[in-house]
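In the numbering used here, the protein residues as written are 220 to 400. Note that the Cβ used here is the ideal one computed from N, Cα and C, for glycine as well. Structure first, commentary second.
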């Protein structure tokens, strides 16, 4: 008799797309350490809670395999992940000068998430730094955006589980009530 998967963590059944800078986080001596640690922590936290993770950082091994993917492949892959995910979790870190690290792709993904009605759990320094665009600062007015302070997250990664559950509450309740998609 085979074994069955009895996963029952708090994020069981949820697809979580974790994003953040890649191209502008690959430095001559490797990937930005603090960012890699934060993204790895987010991935691990979601997986340990039995959520399913979509992550370009994992797929591209934090820049080690980025050059083996074409722009067409990355665009199609990430768009498909956005269409499939239940929640988007972008991590937007600061540079040493307290400005946001450049991440064009993550900002495109934030637009996709909002346009598709996907909830967003944004991990970045709060309040927003001056260099953050008006569109980023005001995104919560047009989309379901929850924020976690970057330092609070690194000190207590479990905040991510609570935020993902809060962000997906309505859709989880609808699924639990048998309301079709």
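Write down every uninterrupted run of the beta strand (DSSP E) in the stretch 255 to 340 whose length is 3 residues or greater and which is fully enclosed by it, in chain order. Within the stretch 255 to 340, complete beta strand (DSSP E) segments of at least 3 residues are found at 271 to 274 and 306 to 311, given in chain order.
So residue 268 and residue 237 are in contact, right, with Cβ under 8 Å, and what is the actual spacing, rounded? To locate residue 268, count along the chain shown from 1; it is residue 49. To locate residue 237, count along the chain shown from 1; it is residue 18. Cβ atoms of residue 268 and residue 237 stay farther apart than 8 Å, at about 13 Å.
Pairwise C-alpha distance: residue 232 and residue 397: Position 178 of the chain shown, counted from the first residue, corresponds to residue 397. Position 13 of the chain shown, counted from the first residue, corresponds to residue 232. One C-alpha to the other measures close to 15 Å.
Kindly list the residues whose CB is nearer than 6 Å to the CB of residue 389, restricted to its own chain and excluding five residues on each side of it in sequence; keep chain order. One-based indexing of the chain shown puts residue 389 at position 170. Counting only Cβ-Cβ distances below 6 Å, and skipping sequence neighbours, we find nothing.
Boundaries of the beta strand (DSSP E) in which residue 243 is found, first to last residue: Taking the chain shown and counting its residues from 1, the one referred to as residue 243 is at position 24. Premise fails: residue 243 is in no beta strand (DSSP E) and is neither H nor E.
Exposed or buried, residue 312, counting other C-beta atoms within 10 Å across all chains shown (16 or more means buried)? Here the question's residue 312 lines up with position 93 in the chain shown. Classified as buried, residue 312 has 16 or more neighbouring CB atoms from the shown chains inside 10 Å of its CB.
Measure the Cβ-Cβ separation of residue 386 and residue 359 and say whether it is below 9 Å. As a first step, residue 386 is located in the chain shown; it is residue number 167 there, counting from the start. As a first step, residue 359 is located in the chain shown; it is residue number 140 there, counting from the start. Taking the C-beta atoms as reference points, residue 359 is found no nearer than 9 Å to residue 386.
Does the Cβ of residue 264 have 16 or more other Cβ atoms within 10 Å, making it buried, or fewer, making it exposed? Within the chain shown, numbered from 1, the residue matching residue 264 stands at position 45. Buried, by the Cβ-count rule.
To the nearest angstrom, how far is it from the Cα of residue 321 to the Cα of residue 379? If you number the chain shown from 1, residue 321 lands on position 102. If you number the chain shown from 1, residue 379 lands on position 160. Their Cα atoms are separated by approximately 23 Å.
Going along the chain, which residues of its own chain have a beta-carbon closer than 8 Å to the beta-carbon of residue 361, five neighbours each way excluded? The residue labelled residue 361 in the question sits at position 142 within the chain shown. Counting only Cβ-Cβ distances below 8 Å, and skipping sequence neighbours, we find 333.
What residues are listed by DSSP as bridge partners for residue 237? As a position in the chain shown, residue 237 is number 18, starting the count at 1. Looking at the DSSP assignment, residue 237 forms a beta bridge with 274 and 308.
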